[in-house]
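Just so you know, the sequence shown maps onto residues 63 to 171 in our numbering.
We put the CB at the ideal spot given by N, CA and C, even for glycine.
Okay, structure first, notes after.
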Amino acid sequence: MRESPQEPVREAAPEPAPDAAPEPAPEPPGPADPAPLGVPRTATGVPEVDSRLDRLADADHLEVSGHLEVYEDVHRGLRDTLTALDRRPGTPAPAPSPGPSGPVNDLRS
């Protein structure tokens, strides 16, 4: 009788200790959980406006019910900043032109 070649013996993977529980994977945010949108913002160069727009990031960490307060605050601040621009002294507006130049034709007879 012919002997068949022996297959290598495979060792079984060690079983985890009963005390060691696997670490749970972090769960992604659910649809109702607050999460940043990750929308990039370009600075305007106007510090008052930039600080107001930075405030919008506060809404990223709030429940939806808290967004309105942030949006109203930002809107109010931007409106106040624009109003202040109208009040600042600057170069005066150009005077209105006197009308067409040249002699005036009097068509009355």
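Which residues in the same chain as L99 place their Cβ atom closer than 8 Å to its Cβ, once the five residues preceding and following it in sequence are excluded?
Closer than 8 Å at Cβ, skipping near neighbours: D122.
Going by DSSP in three states, V136 sits in which element: helix, strand or coil?
Helix at V136.
Could you spell out the range, first to last residue, of the alpha helix (DSSP H) harbouring P98?
Segment: none, P98 is in no alpha helix (DSSP H) and carries neither H nor E.
Thinking R103 and V136 are a contact (beta carbons under 8 Å), I'd like their distance in whole angstroms, please.
About 12 Å; that fails the 8 Å criterion.
Suppose the cutoff is 7 Å on Cβ atoms and the five residues either side in sequence are ignored; what does the same chain contact list for E110 look like?
Within the same chain, E110 has close Cβ partners T143.
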